[in-house]
Each structure stands twice: as structure tokens, then as C-alpha cells.
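Chemist: Start counting at 1 in the sequence shown, then tack on 15, and there's your number in this note's numbering.
Beta carbons: idealized from backbone N, C-alpha and C, even for Gly.
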Amino acid sequence: MTSSWSPTGIWWKDFLYFVGPGWFVSIAYIDPGNYQADIQAGSSSRYSLLCIIWWTSVLSIYVQVLCVRLCHYGGLTLAEAQARFSPSRRQRYLNWFIAEISTIITDLPTIIGIGIAFNIFMGLPYWVGIIFSLFTTMLFLITLHYSVRFLEAIVAVFVGIMAIALFVEVDFVGYDSSELMEGWMVGVKDLSQSDLFSITGVVGAVVMP
Numbered sequence: 016m017t018s019s020w021s022p023t024g025i026w027w028k029d030f031l032y033f034v035g036p037g038w039f040v041s042i043a044y045i046d047p048g049n050y051q052a053d054i055q056a057g058s059s060s061r062y063s064l065l066c067i068i069w070w071t072s073v074l075s076i077y078v079q080v081l082c083v084r085l086c087h088y089g090g091l092t093l094a095e096a097q098a099r100f101s102p103s104r105r106q107r108y109l110n111w112f113i114a115e116i117s118t119i120i121t122d123l124p125t126i127i128g129i130g131i132a133f134n135i136f137m138g139l140p141y142w143v144g145i146i147f148s149l150f151t152t153m154l155f156l157i158t159l160h161y162s163v164r165f166l167e168a169i170v171a172v173f174v175g176i177m178a179i180a181l182f183v184e185v186d187f188v189g190y191d192s193s194e195l196m197e198g199w200m201v202g203v204k205d206l207s208q209s210d211l212f213s214i215t216g217v218v219g220a221v222v223m224p
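#1: Is the number of C-beta pairs between the stretch 38 to 45 and the stretch 164 to 174 that are closer than 8 Å three or more?
#2: Please report the residue range of the alpha helix (DSSP H) in which Val143 lies.
#3: Out of curiosity, what's the CA-to-CA distance linking Pro140 and Thr152?
#4: By DSSP, does Tyr88 sit in helix, in strand, or in coil?
#5: Looking at C-beta atoms only, is the number of pairs between the stretch 77 to 91 and the stretch 154 to 163 that lie closer than 8 Å three or more?
#6: Look at Ser63 and Val163 and say whether their C-beta atoms are less than 8 Å apart.
#7: Taking buried to mean at least 16 other C-beta atoms within 10 Å of its own C-beta, is Ile129 buried or exposed?
#8: Taking the beta carbon of Gly189 as the centre, do at least 16 other beta carbons fall within 10 Å, making it buried, or is it exposed?
#9: Quick one: Cα of Trp38 to Cα of Leu31, how far?
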């Protein structure tokens, strides 16, 4: 006998049913700005900042769990809760302004990244790639008219391709497993000023989504 909340009655189908939004969230972790921050941290500190990435990822997952609980038990999104329970109208508009600015700032690296990609792979000017990013955004939004699942499948395919490329690249470059485990479990040793900047970038890149 299955639980009444189960949409399919089969656990793995239920997992696929609810995991779709997770693919959208995962995109925020693999944007060009995050890659730049992680690559810079790795080039300057090697594996010593892995513990920072680990614990900031745990913090990010914890915040997402809180948002899911808020939506599930309260029937409100985080934005709706801030709007409803803000102490004043001024506070509501301040929260809205911060959210808008944050959205613009986080979108800029992605748009610039598309322009750089078009320049590297096709030799086109940066502005061509930036304009093309508008069409790709509209194309993804059009797919919502047909099916959210279809858009989720597209996103999952792209994330899968990037994951495969990442593992292939790691295999090409090679890694020191003992140093990797030490950086993950022990953490930072003998912090320098450049490490502090790298840590700030990593924390911002991981917590931002």
C-alpha cells in the first residue's frame, strides 16, 4: 500500500517527478563566474580550499532545504514570505531592489560567457554572442508553453554533458588523491592574502545560487 501523497505509487518515479526543479537550481552552480572562481582558487591554492567548497555547499543545501520546508508547510515561496511579513512597506521595496540587483549581477557573467564562447569557437564578435543569448533565453521560455518536463529534460541533458566534460578533463589533467583528501578533510593551512580573496570568491560562487 502506497502513501496518499505519491503521484505514481513507485518510489523511483516519484523521485524523477520531484527532482526536476533541482536541475534548474544546479545550473546556478555551473555558470562561468563559478568556474572562474573555482579555477582561480585551484591554481593558487591547489586542493587546500576544498574544505571551503564542501562546507559552503552544505550551507547552500541547508538554505535550500529551509526554502522547501517553507513552501511545503507554509504554502509560500521565500519571496512571498518576505513580502507578507516585512515590517514595513519600505522594507518590502528594499528586499525587492536587492533581489533585482542580485539577479542582474548574477546574469551578467552568463551573458558575457556566451559572448566569449562565440568568440572562441566561431570567431564572432562578443556582441553577437550576447545578442544570441537573448534568443536562447526566449527559446527556453517558449518551451514552457509546451511542457515544463520538456524544459527539465533539456536542462538535464546540458548538465549531463558538462558533468561528463568535467570528469574527462580531470582525467586528462590528473590529480593527487592523497593531497585531495587532505584538502577536503583537513583544510586550509598557512593562509595567505591571495587565499583570502580566493575563499571570498568561492563562498560567493557557491552560496549565490
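Modeler: According to the structure shown:
#1: Three or more Cβ pairs closer than 8 Å define a contact, and the stretch 38 to 45 meets that threshold against the stretch 164 to 174.
#2: The residue labelled residue 143 in the question sits at position 128 within the sequence shown. Per DSSP, Val143 belongs to the alpha helix (DSSP H) from Tyr141 to Tyr161.
#3: Taking the sequence shown and counting its residues from 1, one reaches residue 140 at position 125. Taking the sequence shown and counting its residues from 1, one reaches residue 152 at position 137. Whole-angstrom Cα-Cα distance: 19 Å.
#4: Reading the sequence shown from its first residue, position 73 is the one you call residue 88. Tyr88 carries a helical assignment under DSSP once its states are collapsed to helix, strand and coil.
#5: Cβ pair count under 8 Å is below three, so no.
#6: Start at 1 with the first residue of the sequence shown, and residue 63 comes out as number 48. Start at 1 with the first residue of the sequence shown, and residue 163 comes out as number 148. No.
#7: Within the sequence shown, residue 129 is the residue found at index 114, counting from 1. By the neighbour-count criterion, in which 16 or more other beta carbons inside 10 Å mark a residue as buried, Ile129 falls on the buried side.
#8: Residue mapping note: residue 189 aligns to position 174 of the sequence shown, counting from 1. With fewer than 16 other Cβ atoms within 10 Å, it is exposed.
#9: Residue numbering aside, residue 38 sits at position 23 when the sequence shown is read from its first letter. Residue numbering aside, residue 31 sits at position 16 when the sequence shown is read from its first letter. Across the structure, Trp38 and Leu31 are spaced so that their CA atoms are roughly 11 Å apart.
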